[in-house]
Every structure is written in C-alpha cells, then in structure tokens.
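2 protein chains.
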Amino acid sequence: MILPSQLETEFQSRLGYYFDDPLLLRQALTHGSEARLPNYQRLEHLGDAVLGLAVSWWLYESNPEYTPGQLTVSRAHYVCEKALAQLARKWQLQYVLRCSPDADAIGVRESDHVLSDVVEAVIGALFLDTYSVRRVQQIVIPWLK
Amino acid sequence: MILPSQLETEFQSRLGYYFDDPLLLRQALTHGSEARLPNYQRLEHLGDAVLGLAVSWWLYESNPEYTPGQLTVSRAHYVCEKALAQLARKWQLQYVLRCSPDADAIGVRESDHVLSDVVEAVIGALFLDTYSVRRVQQIVIPWLK
C-alpha cells in the first residue's frame with residue numbers, strides 16, 4: 001500500500017477530501033520532469049473535461065435565467081488559467097508538486113500555466129476516485145467562488 | 001402530464017432510451033425560432049460539457065497508452081461539428097426538430113451547425129434525465145464509434 005507523504009496528507013486536509021487511491025493523487029501532483037513516476041498530463045486532460053462539466057452544471061442549475069451567452073462568459077471566468085492558478089495557490093500546490101531539481105530551478109512551481117494544469121489533474125484524480133461529478137462539485141466549487 | 005409526440009417516441013426508440021421527463025427531450029428538440037416553447041440553447045451549452053467528459057473519460061479508459069496529445073486529437077475527431085451532424089442524421093433529428101415555418105424554409109433542419117447543436121442539447125437532456133455521465137456514455141458512445 002502507498003501511504004501519502006506528509007505534504008500530500010496536509011493537502012488532502014486542506015481540500016477536505018481523502019483519496020481512496022493515493023496513487024491517483026500522487027500522479028496528479030507529479031510534473032513531467034520527474035521521470036521516475038507517472039505524471040499528471042493524462043489526468044489533466046480528463047480533469048479539464050470534468051471541471052468543464054462541474055462548472056457548467058453548477059451554473060446551469062444556479063442561474064435558470066442566464067442566456068447561453070451568459071453561461072459561456074461565466075464558465076470562462078471560473079475555468080481560465082488565472083482563476084485555476086489562484087486556486088492552486090489557495091491549495092498551496094506549489095509546495096506539493098513533485099518535479100526534478102532542474103524544473104524546480106527554472107520555476108515550474110510558480111508558473112501559472114503549470115499550476116492551472118495541476119489543478120485540472122487533481123480534479124481528474126478526484127473524479128476517478130469518486131466517479132461522481134456531483135462529488136467533485138461539492139469539493140471544488142466552494143473554492144472557485 | 002406531457003405525452004411525447006409520435007416522432008419523439010420513434011426517436012427515443014432509435015436512441016434506445018425513454019426519458020423520465022419528456023419535457024427535457026422536447027426542449028432539446030426545439031429550435032429558437034419556435035418562440036412558444038423553451039428552446040435547446042441552454043441544454044446545448046450543458047450538453048457540450050457532458051459530451052466532452054463522456055468522450056474524454058471513454059478515451060482515457062480505453063486507451064491507457066495514449067499521450068495527452070493523442071487524447072486531444074481523438075476527442076476532436078469525435079466531438080467536431082461534422083461528426084455530431086452525422087450523428088444527428090443517424091438519429092433522424094432533422095425530422096423531429098420543432099422550428100418555425102420561416103426557419104424551416106431557410107433550411108435549418110439541414111444545417112450541420114444546427115444539427116450538431118441539437119445533438120449536444122439531446123445529450124444535455126439525457127444527462128439531466130439520468131444525472132449520470134456513465135449512462136450518457138452507454139447511450140451515446142456506440143453511436144459515435
């Protein structure tokens with residue numbers, strides 16, 4: 001069995017969710033420069049779609065008066081790189097990300113692009129751990145508001 | 001209680017799924033030119049995100065060797081306007097769509113753009129009727145293959 005590291009445990013505590021499968025979380029928190037472990041890129045691809053539905057569904061339900069145009073604008077507000085990088089910093093992901101010393105030296109931990117990708121990967125991992133968009137919403141949407 | 005029309009019943013038979021809430025299906029099949037009824041635009045916005053996750057999750061699970069780039073290319077193949085308009089024609093949506101006589105006269109039923117939007121709206125309606133991405137996958141993915 002894989003035990004979460006101290007940083008991973010603290011992250012889950014901040015998130016308010018403890019993974020059934022800690023390997024999913026570890027993968028979501030592993031940059032491509034860390035060649036010894038599976039990295040977050042495939043989870044990020046999935047998580048992008050999970051986040052899109054989680055936010056679209058939430059906006060659809062909570063704003064019955066919104067036009068499609070308003071739904072689009074509002075979704076873009078919540079799922080843009082800037083908003084996701086902000087969320088990554090609230091989750092302190094820059095300290096939990098595993099990357100190579102070289103990647104660390106060139107500042108990947110502070111890159112908005114990388115941090116927003118990691119958020120999407122964590123959301124992909126949450127979905128694969130719960131198989132529930134509703135559960136992902138309950139965990140993530142309060143942080144996005 | 002709203003009873004489905006003959007065309008709506010035949011469509012559900014083709015789809016292999018009968019809606020618990022026939023009003024959701026009716027809304028998904030109503031063009032904006034039909035001003036007396038709620039139209040498909042909000043459902044299309046939601047359905048776009050549902051389809052994105054249904055396809056991304058399916059590709060993620062069924063192609064563990066795919067790189068993120070391959071996942072992106074493959075998703076674009078299945079969710080592009082052309083593929084969705086083809087699906088609309090398999091589902092014979094051009095005959096089930098409700099629109100005004102004027103819209104009918106200018107050919108909205110034959111527009112790839114409109115037909116792909118209607119497919120997304122139907123997928124949004126399926127999701128709101130089932131609350132399950134897995135169920136949507138089971139219904140839709142075999143048609144996309």
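Heads up: the sequence lines are chains A and H, in that order. Numbered by the numbering used here, the letters in the first sequence go through residues 1 to 145 in order. Numbered by the numbering used here, the letters in the second sequence go through residues 1 to 145 in order. Ideal Cβ positions, reconstructed from N, Cα and C, are used throughout, including at glycine.
(message) So A:E120 and A:D48 are supposed to be a Cβ contact under 8 Å. How far apart are they, rounded?
(response) 5 Å
(message) If distances are taken between C-alpha atoms only, which option among H:F127, H:G107, H:I141, H:S100 comes closest to H:N39?
(response) H:S100
(request) Verify the CB distance criterion: does H:V50 have a CB-CB separation below 9 Å to chain A? (result) yes
(request) Answer with buried or exposed for A:T30, where buried requires no fewer than 16 other C-beta atoms within 10 angstroms of its C-beta. (result) buried
(request) Identify, in the order they occur along the chain, each residue of the same chain with its Cβ nearer than 6 Å to the Cβ of A:V122, setting aside the five sequence neighbours on each side. (result) A28
(request) Give a yes or no on whether the minimum CB-CB distance between A:H45 and chain H is below 9 Å. (result) yes
(request) Specify, as a first and last residue, the run of the alpha helix (DSSP H) that A:I123 falls within. (result) 112-130
(message) Run through chain H and tell me which residues come within less than 7 Å of A:L56, C-beta to C-beta.
(response) For the sequence presented, residue 56 of chain A should be read as Ser rather than Leu. Those within 7 Å of A:S56 in chain H are H45, L46, A49.
(request) Express the C-alpha separation of A:Y95 and H:A54 in angstroms, rounding to a whole number. (result) 32 Å
(message) Tell me which residues share the same chain as A:E81 and place their Cβ nearer than 7 Å to its Cβ, disregarding the 5 neighbours each side in the sequence.
(response) D112, H113, S116
(message) Going by beta-carbon coordinates alone, are H:F11 and H:Q92 separated by less than 9 Å?
(response) yes
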